[in-house]
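Numbering of the sequence shown is given in my numbering, commencing with residue -1 and proceeding in unit increments.
Ideal Cβ placement from N, Cα and C applies to all residues, glycine included.
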Amino acid sequence: MLSTGNWQDYRGKGEGVLIHLDSAKQHELAVREPVDDQGHPVVEPNYETGTYGFLQCVNAKTRLATMKNRRRYFLFGTRYQGAVEAYRGKFLIVGYMRLDKILEVRKRHVHKWMETKESGAPAPECMDMDECFAFQSEEMNFYTAEDSFELSEELMKKWGYKGKVTKQMKLTFTEEKLAVILEHFKGKTHKNPDYIAAAKDLEESLASAKQESDSAKDAW
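The following block contains the structure:
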């Protein structure tokens, strides 16, 4: 867990916000992809520190809206493409984060980008925003595909939403719906250490593959 210095206590009401994740295909766990579509590293959500939006600027507008509306939970969902065949193609809420502390991080993100932009690093999403907030949690848990909460089309219709869950869809869960999701996880055992280990393994595999590729290019 990160130092609590400068972090401020945050109290939100019982509502949840869905955060869409790209999860790895080569693992049973819905662990974050180590790089994005452009090949840039991805370290959010950060299982290792229990934070979201601190190390990287992702979903900046969603985080800002969450703060302004005083919502209390992030629910992490993905269209599962992992190694457990029975769950492929299903939209799963694989973890959640109770928002306990908050920190204004716009200057941090901009300064970090200024130091790395020569390497081709993308500008932070909050570059054109007035403020940007990261969250820290004492209760940030992730689960296996089998123990995840499926957000099926049937349930979506029952809850008054239309169609399949897509990345473009901004979903907010009322206190009642959030309670159903959190209740589901109460009887499950989180796999946080396994997620941390899996993320490290994927990063190391990617680095090793890149090193081999670079060596092959040098050989030519």
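Check, Outcome
"For GLY48, which residues does DSSP report across the bridge?", "DSSP, once it has assigned bridges, lists no residue as partnering GLY48."
"Among the candidates ALA81, ILE17, GLY185, ASP126, whose CA atom is the shortest distance from the CA of GLN166?", "ILE17"
"Given a cut-off of 8 Å, decide if GLY93 and PHE222 are closer than it, judged by their beta-carbon atoms.", "This structure cannot settle anything about residue 222, because the visible part of the chain is limited to -1 through 218."
"Name the one or two DSSP bridge partners that PRO149 has.", "According to the sequence provided, residue 149 is Leu. The question's Pro does not apply to it. DSSP, once it has assigned bridges, lists no residue as partnering LEU149."
"Are PHE72 and TYR50 close, meaning C-beta to C-beta below 8 Å?", "yes"
"Would you identify the three-state DSSP class for ASP7, choosing helix, strand or coil?", "strand"
"Report all residues from its chain with a CB closer than 7 Å to the CB of SER135; omit the five preceding and five following residues, and keep chain order.", "GLY48, MET95, ARG96, LEU97, ASP98"
"Which residue wins for smallest C-alpha separation from SER146, given the options GLN6, VAL15, GLN24, LYS184?", "LYS184"
"Is DSSP giving SER135 helix, strand or coil here?", "coil"
"Nearest CA to the CA of ALA121: which residue from MET112, VAL82, GLU129?", "MET112"
"Express the C-alpha separation of LYS66 and THR172 in angstroms, rounding to a whole number.", "16 Å"
"In the DSSP assignment, find the alpha helix (DSSP H) that holds LYS175 and state where it starts and stops.", "173 to 184"
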